[in-house]
Structures are given as structure tokens and as C-alpha cells.
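J.: The sequence shown begins at 534 in my numbering and counts up one residue at a time.
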Amino acid sequence: MITRADKGNSLVIIPTTLYESKIDDFIQGNNFQISNTNPTKSFQSQVRKVINNSKTLIPPYSKWKHINMNPTAPSIKGQIKLHKPGHPIRPVVNWKGAPSYKLARLFTQKIKMMAPLPSTHNLGNTRDLIKKLENTPILPQFALASLDITNLYTNIPIKGTREIIANTLRKNLTERELLSWYDTITKQNYFSSKNKTLIQQDGLAMGAQPRA
Numbered sequence: 534m535i536t537r538a539d540k541g542n543s544l545v546i547i548p549t550t551l552y553e554s555k556i557d558d559f560i561q562g563n564n565f566q567i568s569n570t571n572p573t574k575s576f577q578s579q580v581r582k583v584i585n586n587s588k589t590l591i592p593p594y595s596k597w598k599h600i601n602m603n604p605t606a607p608s609i610k611g612q613i614k615l616h617k618p619g620h621p622i623r624p625v626v627n628w629k630g631a632p633s634y635k636l637a638r639l640f641t642q643k644i645k646m647m648a649p650l651p652s653t654h655n656l657g658n659t660r661d662l663i664k665k666l667e668n669t670p671i672l673p674q675f676a677l678a679s680l681d682i683t684n685l686y687t688n689i690p691i692k693g694t695r696e697i698i699a700n701t702l703r704k705n706l707t708e709r710e711l712l713s714w715y716d717t718i719t720k721q722n723y724f725s726s727k728n729k730t731l732i733q734q735d736g737l738a739m740g741a742q743p744r745a
């Protein structure tokens with residue numbers, strides 16, 4: 534089969550059995566909970582409820598636009614880390630079919646407008662990095678460092694992130710509404726693999742964050 538490499542915009546040709554074994558190794562090594570039921574239908578009801586209760590941020594005539602009409606359980610894929618010994622995978626969960634995918638997109642748009650983060654230490658992409666470096670004096674004694682955090686995207690703290698958002702939105706009339714969206718979106722910490730439903734007990738998987 535053909536899959537993507539984690540870095541370098543490259544493709545990887547790999548035996549299907551080997552690819553599947555790497556997915557299994559990741560699942561077995563991260564203490565996921567196996568569910569006997571698919572929670573998609575239940576999450577769909579929660580999403581509909583929170584959207585219908587949004588009186589300020591979503592006009593009545595456009596509520597339907599933010600509901601996935603035929604939701605499916607998110608599925609996991611793996612990008613091969615060619616730069617790592619043993620070539621493990623970086624897990625990526627395809628969340629486009631999930632019940633709250635459209636609500637997550639809207640949440641991202643709203644939070645950027647209502648609670649923008651300072652850009653001092655944030656980078657948008659490689660071009661943004663180059664632009665900032667062009668305006669940064671580089672002296673001979675300076676050194677560039679790259680820090681690699683293990684499983685960064687699979688350990689995003691849901692509670693801590695909520696507190697940051699709540700503090701940023703303090704005294705905002707729409708705070709309660711946005712936080713109810715956040716709570717609904719971040720509850721969907723599950724994915725499917727080989728007809729099994731797996732629940733991530735800590736954090737959110739890469740691809741499962743609210744994104745624009």
C-alpha cells in the first residue's frame with residue numbers, strides 16, 4: 534500500500550500487513566478503552582442540542598449548516614516516521630465525518646475572532662517562520678534549537694485548554710455558549726479501527742482538534 538511520510542511531503546510504499554501492525558502497536562501501547570457500542574448516534578444528539586441552544590452565535594436559519602447530516606465514527610491512519618528508528622507511525626484521526634466536525638470548524642473561526650492568542654511565540658507555517666527570522670538579528674553567539682515532545686498531539690490537555698479559553702473570554706457575553714461548544718466537541722475522543730471503537734482516555738488525537 535501507499536501512505537504518507539510524517540515529514541518531507543513524501544510517499545511511502547509499505548506492505549499492508551506491516552502498516553497494520555504499526556497501527557496495532559500504537560493502539561496497544563497507548564491504553565485505549567475498547568467500547569462495545571458506537572457512540573456516534575449519541576454524540577450526534579448532543580451536537581444537535583448544543584447547536585439548537587446557541588441563541589447568540591448561530592442564527593436560526595443557518596443552524597443546519599453546522600450539523601453533519603450523516604455522521605460516521607472517525608477513523609485512524611498512520612503517517613510513517615522515516616526519521617525515527619523502527620519507522621513508527623504518527624497517528625492521524627480523520628474527523629471529517631464525526632458529528633461535531635462542522636461545529637468544531639465554526640468554533641475555531643469564532644474563537645480566533647473573540648479570543649485571539651498573541652502571536653509573539655506562535656507560528657502559522659514555514660513562511661511565517663522565515664519572515665520572522667528575516668526581522669530577527671542573529672548574532673554569532675546565538676544557537677537554534679529544536680525540541681521534540683513525545684506524543685504532543687495525543688496529549689493535549691482538555692481541562693487546561695478549557696481554562697485558558699474561559700480566562701480569555703472572561704466577561705464576554707458569549708462565553709457560556711462557546712464553552713458549551715468546546716465541551717461537546719472535546720467529548721468526542723474516540724475513533725474506529727478494524728470495526729472496533731476505541732476511546733482515548735487522555736487528551737485528543739491529532740486531527741481531532743477544532744481546526745479551520
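C-beta: ideal position from N, C-alpha, C; glycine also.
Bear in mind that the values here come from a model prediction, so they are computed numbers and not experimental data.
Just curious, the beta strand (DSSP E) that F724 is in, first and last residue?
T.: Its beta strand (DSSP E) spans residues Y723 to S726.
J.: If you follow the beta strand (DSSP E) that L680 is in, where does it begin and where does it stop?
T.: Taken as a continuous stretch (DSSP letters only), L680 belongs to no beta strand (DSSP E), as it is neither H nor E.
J.: Buried or exposed: where does W597 fall if 16 or more other Cβ atoms within 10 Å of its Cβ makes it buried?
T.: Looking at its Cβ environment, which holds fewer than 16 other Cβ atoms inside 10 Å, W597 is exposed.
J.: Between which two residues does the beta strand (DSSP E) harbouring T730 extend?
T.: Where T730 is concerned, the enclosing beta strand (DSSP E) stretches over K729 to I732.
J.: Would you decide whether I663 is buried or exposed? Buried here means 16 or more other CB atoms lie within 10 Å of its CB.
T.: Per the 10 Å Cβ criterion, exposed.
J.: Using the three-state DSSP reduction, which class does L544 fall into: helix, strand or coil?
T.: Strand.
J.: Comparing C-alpha positions only, which one of E553, L711 and K729 sits nearest to K610?
T.: Residue E553 is the option with its Cα nearest to K610.
J.: Pairing CB atoms from the segment 581-594 with CB atoms from the segment 606-624, are three or more of them under 8 Å?
T.: As far as the Cβ criterion goes, the segment 581-594 does not touch the segment 606-624, which means the pair count is below three.
J.: Does DSSP put G630 in a helix, a strand or coil?
T.: In this structure, G630 counts as coil in the three-state DSSP scheme.
J.: Would you call the segment 570-582 and the segment 698-710 in contact, with 3 or more CB pairs under 8 Å?
T.: Result no; under three Cβ-Cβ pairs closer than 8 Å.
J.: Excluding the 5 residues flanking R537 on each side, which residues of the same chain have their C-beta closer than 8 Å to its C-beta?
T.: So the qualifying residues of the chain are S543, L544, V545, Q612 and I613.
J.: Under the rule that 16 or more other beta-carbon atoms within 10 Å means buried, what is K617, buried or exposed?
T.: K617 is exposed by the Cβ-count criterion.
J.: Quick one: give me the first and last residue of the beta strand (DSSP E) that R537 is part of.
T.: Its beta strand (DSSP E) spans residues I535 to R537.
J.: Apart from the five residues on each side of it in sequence, which residues of its chain come closer than 7 Å, Cβ to Cβ, to I556?
T.: Closer than 7 Å at Cβ, skipping near neighbours: I609, G611, I622 and S726.
J.: List the residues that DSSP assigns as beta-bridge partners of I609.
T.: DSSP, once it has assigned bridges, lists V626 as partnering I609.
J.: On the three-state DSSP scale, how would you describe S568?
T.: Note: S568 maps to strand in three-state DSSP.
J.: Among residues of its own chain, excluding the 5 on either side of W714, which ones have a beta-carbon nearer than 7 Å to its beta-carbon?
T.: V583, L636 and F640.
J.: Is G693 helix, strand or coil when you go by DSSP?
T.: Helix, per DSSP.
J.: Write down the C-beta distance between T730 and S568 rounded to the nearest angstrom, noting that I regard them as a contact closer than 8 Å.
T.: Confirmed, Cβ separation roughly 4 Å.
J.: Leaving out five residues before and five after L702 in sequence, what residues of the same chain have Cβ atoms less than 6 Å from its Cβ?
T.: Around L702: A648 and E708.
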